[in-house]
Structures are given as structure tokens and as C-alpha cells.
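Just so you know, we're using the working numbering here: the sequence shown kicks off at 55 and counts up by one. Built from N, CA and C at the ideal position, the CB exists for glycine as well. All values derive from a computational prediction rather than experimental measurement.
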Amino acid sequence: MKKDIEIAREADIKDIDQIAAYLGIDDYEKYGKYKAKIKPNFEKKSDSKLVLVTAISPTPFGEGKTTMNIALSMGLNKLGKKSISVLREPSLGPSFGIKGGACGAGYSQVIPMEDINLHFTGDFHAITSAVNLVAAMIDNHIYQGNEKNIDLNNIVWKRCVDLNDRALREVVVGLGKKTNGIVRQDGFDITVATEMMAVFCLSNDLFDFKKKVSKMIVAYDYEGNAVTVEDIKATGPVCVLMKDALKPNLCQTLENTPAIIHGGPFANIAHGCNSIIATKTALSISDFAVTEAGFGADLGAEKFYDIKCRKADLKPNMTVVVATIRALKYHGGQDLKNIDQENIENLKKGFKNLQTHLENLKKFSNNIVVAINKFDQDTQEELDTLKNLVEGLSLKAFECDVYHKGSQGCLDICEYIIENSKNDNNFKVLYDENLPIEDKIEIIAKEIYRASGVNYSKKALNEIKRINILNSNNLPICIAKTQYSLSDDPKNLNPDSEYEITINDIRLNQGAGFIVALTQNILTMPGLPKRPAAYDIDIDNQGNIIGLF
Numbered sequence: 055m056k057k058d059i060e061i062a063r064e065a066d067i068k069d070i071d072q073i074a075a076y077l078g079i080d081d082y083e084k085y086g087k088y089k090a091k092i093k094p095n096f097e098k099k100s101d102s103k104l105v106l107v108t109a110i111s112p113t114p115f116g117e118g119k120t121t122m123n124i125a126l127s128m129g130l131n132k133l134g135k136k137s138i139s140v141l142r143e144p145s146l147g148p149s150f151g152i153k154g155g156a157c158g159a160g161y162s163q164v165i166p167m168e169d170i171n172l173h174f175t176g177d178f179h180a181i182t183s184a185v186n187l188v189a190a191m192i193d194n195h196i197y198q199g200n201e202k203n204i205d206l207n208n209i210v211w212k213r214c215v216d217l218n219d220r221a222l223r224e225v226v227v228g229l230g231k232k233t234n235g236i237v238r239q240d241g242f243d244i245t246v247a248t249e250m251m252a253v254f255c256l257s258n259d260l261f262d263f264k265k266k267v268s269k270m271i272v273a274y275d276y277e278g279n280a281v282t283v284e285d286i287k288a289t290g291p292v293c294v295l296m297k298d299a300l301k302p303n304l305c306q307t308l309e310n311t312p313a314i315i316h317g318g319p320f321a322n323i324a325h326g327c328n329s330i331i332a333t334k335t336a337l338s339i340s341d342f343a344v345t346e347a348g349f350g351a352d353l354g355a356e357k358f359y360d361i362k363c364r365k366a367d368l369k370p371n372m373t374v375v376v377a378t379i380r381a382l383k384y385h386g387g388q389d390l391k392n393i394d395q396e397n398i399e400n401l402k403k404g405f406k407n408l409q410t411h412l413e414n415l416k417k418f419s420n421n422i423v424v425a426i427n428k429f430d431q432d433t434q435e436e437l438d439t440l441k442n443l444v445e446g447l448s449l450k451a452f453e454c455d456v457y458h459k460g461s462q463g464c465l466d467i468c469e470y471i472i473e474n475s476k477n478d479n480n481f482k483v484l485y486d487e488n489l490p491i492e493d494k495i496e497i498i499a500k501e502i503y504r505a506s507g508v509n510y511s512k513k514a515l516n517e518i519k520r521i522n523i524l525n526s527n528n529l530p531i532c533i534a535k536t537q538y539s540l541s542d543d544p545k546n547l548n549p550d551s552e553y554e555i556t557i558n559d560i561r562l563n564q565g566a567g568f569i570v571a572l573t574q575n576i577l578t579m580p581g582l583p584k585r586p587a588a589y590d591i592d593i594d595n596q597g598n599i600i601g602l603f
């Protein structure tokens with residue numbers, strides 16, 4: 055089969071004018087021939103449906119969640135429903151690091167994929183500039199006399215860059231002569247892990263964004279009081295930088311189904327969902343908005359429900375859980391070297407991961423279906439075994455060959471989605487956000503991660519006390535945890551025995567409106583692997599990008 059980039063370049067891509075016309079959009083700004091910024095629209099159609107695509111715990115292979123999202127949107131469109139794929143923008147960190155791009159694969163992709171995976175329309179550059187502007191204004195505020203009495207050892211705002219650069223995790227700024235500023239310890243986050251990205255994705259419009267930005271905490275003074283973006287007079291300039299970035303991006307799939315791609319917070323660190331603006335806009339102009347949440351359902355789906363849906367007053371109509379045979383065999387203990395060999399026993403053992411996710415999702419809603427992302431090496435006995443195991447939970451599973459066939463490979467499950475999304479989903483969140491912080495964390499740990507309890511570091515307990523003093527404890531929880539396991543240990547693929555989650559740190563994202571609880575060994579600035587994807591990326595003599603996908 056051809057490479058993804060070859061398939062994408064051979065696609066019959068339409069001018070974005072045609073995609074906008076299909077959706078009835080007449081207020082947009084073109085970024086070249088195939089991309090556009092559109093005016094947000096928040097008036098939901100009375101009969102539009104929201105479909106969430108999530109997955110089992112990820113493995114080294116990738117489960118194809120984005121690929122499935124794109125295929126489902128194309129399949130629904132082929133069945134006569136005006137559908138939109140609503141996705142996150144890819145980060146440059148994974149693109150040049152280990153994970154790669156995020157535009158789907160095979161015959162289920164969004165295009166133009168090179169643009170989307172690289173600079174796109176510049177949203178992430180705007181966010182990076184906004185974060186670093188605030189950082190510059192903090193240091194200038196201190197240099198010019200420190201009117202707000204900022205404690206130099208209690209500055210919580212970091213600079214950022216949208217690349218994996220471990221050398222920037224801890225830095226010292228202000229070195230050299232006196233005019234270079236005050237010497238202090240600082241650090242960088244990757245752009246997609248910043249609170250600015252979270253605020254960007256959880257704002258309903260520019261004015262809501264401005265309100266949230268003003269409340270973001272940058273530091274604490276010597277008496278323990280919070281110092282905000284507004285206190286250092288950075289709210290206005292940040293909003294000016296972000297004005298255009300807040301408009302959703304319109305592009306298309308290989309089959310010319312519309313796609314809105316906007317925002318991109320990490321799911322193991324942040325809340326892992328595209329922007330509220332994009333989702334609400336899609337619901338206002340389509341029959342089906344097919345969105346996704348990052349990594350496994352324990353991270354992405356839980357945060358989609360408990361944070362995004364709560365903040366945006368969204369009620370999903372259907373949840374699709376993506377699973378693969380090889381991933382379940384991996385979770386069942388099968389070695390990577392022979393992962394393609396049929397092994398029904400390991401498949402059954404690994405099914406526990408999918409079963410736990412499905413049981414968890416039932417705590418939020420009724421309408422759930424499993425999409426088996428089919429690969430060439432899957433045997434029919436393995437596929438039938440998995441379908442039978444899912445049906446044993448009173449749910450349906452469908453084989454989906456979307457990599458090879460695009461929309462044609464998922465029409466059965468699309469018909470199921472159309473029919474069953476009419477049913478009452480009985481959607482509800484997992485906990486009351488007004489509960490004490492420790493209670494909310496414990497509910498997630500026990501109900502979703504299946505832990506027996508929670509351990510807190512001294513630092514985490516001190517931060518909880520500070521948040522309580524600030525009266526900011528009535529916010530939802532965003533747990534930063536490894537994506538590779540239901541537990542907080544990436545090597546513990548099947549946490550059967552009793553264990554406790556460890557919370558090392560707590561951070562108040564007052565602007566975004568959630569509290570981050572960081573488990574063990576979670577970093578907000580990744581590093582490059584021994585052999586980064588960047589080694590293979592180049593441009594040929596004809597100006598074509600090679601090695602990016």
C-alpha cells in the first residue's frame with residue numbers, strides 16, 4: 055500500500071471555497087487555497103448530534119483514534135448526514151519527536167497534511183507568543199520595582215516552546231549585567247501543556263477568553279496572595295495576540311468531508327480536547343460533529359466529560375471506543391516480537407483493558423459502541439472473539455477497515471451511530487465540582503483508575519491548602535497521568551492487585567477553571583527520543599517534504 059503522504063498528495067482536494075459553500079459558510083478568511091479561518095457560530099441546531107471518539111489505553115503501535123474519527127465523519131457524510139470531523143491541531147513536539155503527526159492514516163486523513171502537521175494557520179505560534187509575552191512582563195514588572203511584591207521563589211508561570219527540549223525544563227534567567235533583569239530560576243513547558251492552551255480551548259468566545267486570561271495566576275507575593283495576568287497588566291496585549299487564533303480552522307478529509315481543526319492540549323498533562331469554539335461551531339452547521347479526546351478513555355474521555363462538557367454545557371449523544379486486536383494482545387502480555395501472531399488467550403487477557411474502559415464509560419452515558427480498527431494481520435477468529443466478548447457486556451462491536459477503505463470501511467457502524475444516537479444518552483458527570491479537592495481526586499482514582507486510594511506528597515498537600523485559602527477549590531480535576539496504563543505506572547498494564555495513586559504536585563489553573571493533579575514522573579516538557587522522527591524529515595529538490603509521516 056502507498057505511504058500516507060503519497061495518498062494525501064494524490065487526493066482530489068477541493069478549493070476551501072467549495073467546502074465552505076457546502077456548509078453554508080460565507081464569512082471566512084482563506085489561508086491559501088485549502089485552509090480557512092471561519093467565523094465562530096454558537097447557535098446549535100436542534101437536531102445536531104455530538105459523537106465522541108475515544109480508545110483503549112495506547113500502545114507503541116497507535117490505535118488509530120484520529121483515523122477512525124475521520125473515517126466516521128466521512129461515513130456519516132456518505133450516508134446522507136452532513137458531518138464534520140472536529141479535531142485537535144498537532145503539536146510540533148510529537149511531529150519531530152516520537153509520536154509523529156496527527157492527521158489520520160491511509161485513506162482516512164485530513165488534508166493538506168503537511169500544513170496541518172507543521173505551522174498550519176499559526177495558532178500555536180500565537181499561543182507561544184502570548185505565554186512568553188506574559189513571562190516577559192513578569193520579569194519586567196520585577197525589574198521595574200516589583201510593585202506587586204512578587205516572591206521570586208514563588209513564580210509559577212513558565213515560558214514555552216512547541217518542541218520537545220529537555221534542556222529547557224529548568225533554566226536560569228537574568229544572568230549577566232544588571233540591565234539583563236533579575237537572576238532567578240525559571241523553566242519552559244511545551245506549548246500544548248500550558249494553561250494558555252487550556253484557556254484557549256475552554257473559552258466560548260473572545261470575551262470569555264479575555265475574562266479567563268485575566269484570572270490566570272502567574273506568581274504569589276511574599277504574603278501568599280495570588281498575582282494574576284491582570285495584575286501585571288498583560289490581559290489586553292495577550293488578547294490582541296490571540297484575536298485571530300480564536301477563529302476555528304476549516305479544511306477537509308480525503309473524501310472532501312469538512313474538518314474543523316482547532317486547539318491541541320496534551321491529554322496526559324492537560325484536558326486533551328479541541329476547542330469549545332470549534333465543537334459548538336460544528337454543531338451549529340452540521341448534523342453530526344465527530345470529535346475526539348486524547349489517549350485512552352481514562353484520560354481523554356473522562357476529561358472530555360468532566361471538564362469540557364461541564365464548561366461548555368455539552369451533552370454527547372454517542373461514544374465510540376476504538377480498539378485493535380494487537381493492542382489488546384499487548385495488554386494481555388504478548389511480546390512485541392510476535393504481536394502479529396494469532397493468540398486468542400492473550401487477546402482474552404488483554405480484553406480486560408477494554409472492558410474496564412467500557413464499564414467506566416457507562417458511568418457517564420448509555421450510548422456506547424466499539425470500533426475494531428482492523429489490520430491485515432488480524433485473523434477472523436480473533437475478530438469474532440473480540441466481538442463476542444464485547445457483546446457479552448451487552449454492547450456492539452463493528453469491524454472497521456478504514457485504513458484501506460476510508461468511509462467504505464465503516465458504514466455499518468455509521469448506520470448504528472445514526473440510529474442509536476437518537477436514544478436518550480442519560481449523560482452525567484462523575485462528581486460534584488463543589489466537593490473537597492481530595493474527594494474529587496479519590497472518586498476519579500477509584501472509579502476510573504480502579505485504585506484503592508490516593509497518596510499525597512507534602513508539596514501536593516501544601517498546594518491543596520493554598521487553593522482552599524484562595525477559595526478556588528470548587529473546580530473540576532485534571533489528573534496528569536501516564537497514558538500507557540490505567541494506573542500511574544506505565545509498566546503496570548493490568549493493575550489487578552490493590553494499588554494507590556500517588557499525587558506528587560497540585561497546580562491551580564484558575565483561568566482555565568480546573569485543578570491539575572500531577573502523578574509520579576509526569577513532565578510538562580518532553581524530551582526527544584534517542585532516534586527522533588526529525589532524523590528522517592527533509593525537503594527534496596522539488597520542494598516536497600519527505601519523511602514527515
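Between Ala-184 and Cys-454, the beta carbon gap of about 39 Å keeps them out of contact (Cβ cut-off 8 Å). In the displayed model, Ile-521 falls within a helix according to three-state DSSP.
DSSP, reduced to helix, strand and coil, places Gly-290 within a helical segment of the structure shown. Residue state for Arg-223 is assigned as coil, using DSSP reduced to three classes. A Cβ-Cβ contact shorter than 9 Å links Asp-542 with Tyr-503. Counted as a single uninterrupted DSSP element, the beta strand (DSSP E) harbouring Tyr-274 occupies residues 271-275. DSSP places Pro-148 inside the alpha helix (DSSP H), whose first and last residues are 146-150. The continuous alpha helix (DSSP H) containing Asp-466 extends over residues 465-474.
Secondary structure within the region 482-536: the beta strand (DSSP E) runs of 3 or more consecutive residues, fully enclosed, are 507-510, 531-534 (chain order). In this structure Gly-354 is buried. Its beta-carbon is surrounded by 16 or more other beta-carbon atoms within 10 angstroms.
DSSP, read as helix, strand or coil, puts Ser-162 in strand.
A check of alpha carbon separations from Asp-430 across His-385, Asn-194, Ile-379 identifies Ile-379 as the nearest. Ala-377 places its beta carbon 9 Å or farther from that of Asn-414. A direct Cα-to-Cα measurement between Glu-492 and Ile-271 gives close to 21 Å. A Cβ-Cβ contact shorter than 9 Å links Met-579 with Ile-244. Within the model, the alpha-carbon separation for Val-444 versus Val-570 is close to 33 Å.
Two segments are said to touch when three or more pairs of C-beta atoms, one from each, lie closer than 8 Å; by this definition the region 288-306 does not touch the region 544-556.
In its chain, beyond the 5 residues on either side, Glu-356, Tyr-359, Asp-360, Lys-417, Phe-418, Ile-497, Ile-498, Glu-501, Ile-502 have a beta carbon closer than 8 Å to the beta carbon of Leu-484.
Asp-559 carries a strand assignment under DSSP once its states are collapsed to helix, strand and coil. No Cβ-Cβ contact shorter than 9 Å links Gly-565 with Glu-60. With contacts defined as CB atoms closer than 9 Å, Ala-324 and Ala-252 qualify as a contacting pair. In this structure, Val-210 is the residue among Thr-333, Val-210, Gln-306, Leu-217 with its C-alpha nearest to the C-alpha of Asp-275. Glu-517 sits buried, since 16 or more C-beta atoms from the chains shown fall within 10 Å of its C-beta. Selection Ile-467, Met-122, Ile-555 evaluated against Gly-507 yields Ile-555 as nearest (Cα-Cα). Assigned with DSSP and collapsed to three states, Gln-239 falls in strand. Gly-317 and Cys-327 have their C-alpha atoms spaced approximately 8 Å apart.
Around the beta carbon of Met-55, fewer than 16 other beta carbons lie within 10 angstroms, which makes this residue exposed. Residue state for Phe-452 is assigned as strand, using DSSP reduced to three classes.
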